[in-house]
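Notes for the one structure printed next.
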Amino acid sequence: MEPEVIRDKDSMRKWSRAMRSQGKTIGLVPTMGYLHEGHLSLVRQSLALTDVTVVSIYVNPGQFSPTEDLSTYPSDFSGDLTKLAALSGGKVVVFNPKNLYDYGGETKKINDGGGNGGRVVSCVEEGGLGHETWIRVERLEKGLCGKSRPVFFRGVATIVTKLFNIVEPDVALFGKKDYQQWRIIQRMVRDLNFGIEIVGSDIAREKDGLAMSSRNVRLSDEERQRALSISRSLAMAKASVAEGKTNCAELKDMIIQQVVGSAGRVDYVEIVDQETLEGVEEIKSGVVICVAAWFGTVRLIDNIEINVSL
Ligand code: AMP
């Protein structure tokens, strides 16, 4: 049976509170839709951990800059419902709000998804009419994807906070595919005392190793083939570390050569501490190797955790 769809925030909160009054625990899986096995693995985990699961499907305009792919972001709402209907093991509802930045009045005019090409703007940037309150996780948001996407994590942290306040979940699940995002949300929950457990879930991959992503559909067959250089070079780097090669400059060079050799345009290759996300020169403790690269017009990210105790 297809899951119930809740479209507005008041009904969502009411539903959650009714569940809670029945003693049920609530899991939240925030997504932007066009669901694939990576999303579904989070939903399955949530079903195992909690009594009821809310899957939010909302393409958050607040995390896209004007030059990014908001208007071409793929969607297939009815396909998403079919995929969720096929899951067993507990109750799923879908929260699919139209616009979480519309508070009526002037904000309606500016944030109605129209005049700004669907963009949500800051009041400081737009003479007082845009969105005013933003969550910033100051240090963690700066490196990696934050360098080339300066408003991205402020948009993510803000929308996740909104979802937490509307859904009031006990547990929220995030994929380690978006490693920096997961660490930022963990830190935000700690720093702002949200009473929500954050679970990070392993990366779901296609059989050939490509990390699953809604954006993969926009790769041509040839680009998709070339994009395998990301996951392959990450796996090779991990094997090299196991053989004792712990110099990060050399490991990064090896990955860059493979991606560039496959006609990818590297945004960054970084080897960082798993918690602070600060760059390291020599691998001595747990790190994560993170890659962002363009194939054609599609920007892909991937990473691999390396746990060592030397
Ligand atoms: P998105 O719809 O891309 O915003 O992703 C929604 C959630 O699914 C985020 O927590 C992502 O990290 C997670 N996710 C996306 N792709 C994968 C994947 N391949 N494996 C595991 N989690 C994923």
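Heads up: the sequence shown begins at 1 in this note's numbering, then just goes up one per residue.
All C-beta atoms, glycine included, are put in the ideal place defined by N, C-alpha and C.
This one's a predicted model, so the numbers in the text were calculated from it and none came from an experiment.
Item to complete: May I ask whether a heavy atom of the ligand AMP can be found less than 6 Å away from the beta carbon of H131?
Response: no
Worksheet item: Curious, which full-length beta strand (DSSP E) runs of at least 3 residues does the region 28-95 contain?
Response: 52-57, 91-95
Discussion item. Tell me which residues share the same chain as Q134 and place their Cβ nearer than 6 Å to its Cβ, disregarding the 5 neighbours each side in the sequence.
Written reply: The question names Gln, yet the displayed sequence has Trp at residue 134. Answer for W134: R154, T158, listed in chain order.
Item to complete: Would you kindly work out how many angstroms separate the C-alpha atoms of Q258 and I230, rounded to a whole number?
Response: 8 Å
Worksheet item: Given 8 Å as the limit, is there contact between the region 247-254 and the region 217-224, that is, 3 or more CB pairs closer than that?
Response: no
Practice prompt. For the region 216-274, list the beta strand (DSSP E) runs that are entirely contained and at least 3 residues long, ordered along the chain.
Written response: 265-273
Worksheet item: Looking only at its own chain, which residues have a Cβ that is under 6 Å from the Cβ of L35, when we skip the five neighbours before and after it?
Response: D80, K83
Worksheet entry | Expected contact under 8 Å - CB spacing of R190 and L140 to nearest Å | That pair is no contact at about 11 Å.
Worksheet entry | Nearest-angstrom Cα separation, counted from T53 out to V93 | 6 Å
Worksheet item: In terms of residue numbering, what span does the alpha helix (DSSP H) encompassing F194 cover?
Response: It is not in any alpha helix (DSSP H) - F194 carries neither H nor E in the DSSP assignment.
Worksheet item: Between the Cα of S16 and the Cα atoms of E197, V280, I166, V308, which residue gives the shortest distance?
Response: I166
Discussion item. Quick check on the burial criterion: 16 or more other C-beta atoms within 10 angstroms. Buried or exposed for G286?
Written reply: exposed
Item to complete: Could you name the residues that DSSP lists as bridge partners for N303?
Response: C290
Item to complete: Could you work out which residue in M32, R205, E305 is closest to D273 when comparing CA atoms only?
Response: E305
Worksheet entry | Neighbourhood of E162 by C-beta, 6 Å cutoff - its chain only, sequence neighbours within 5 removed | Reading off the sequence, residue 162 comes out as Lys, not Glu. These residues qualify, in order along the chain: L100.
Worksheet item: Touch check for the region 140-149 and the region 35-52: three-plus C-beta pairs under 8 Å?
Response: no
Worksheet item: Any chance the CB of D178 is under 6 Å from a heavy atom of the ligand AMP?
Response: yes
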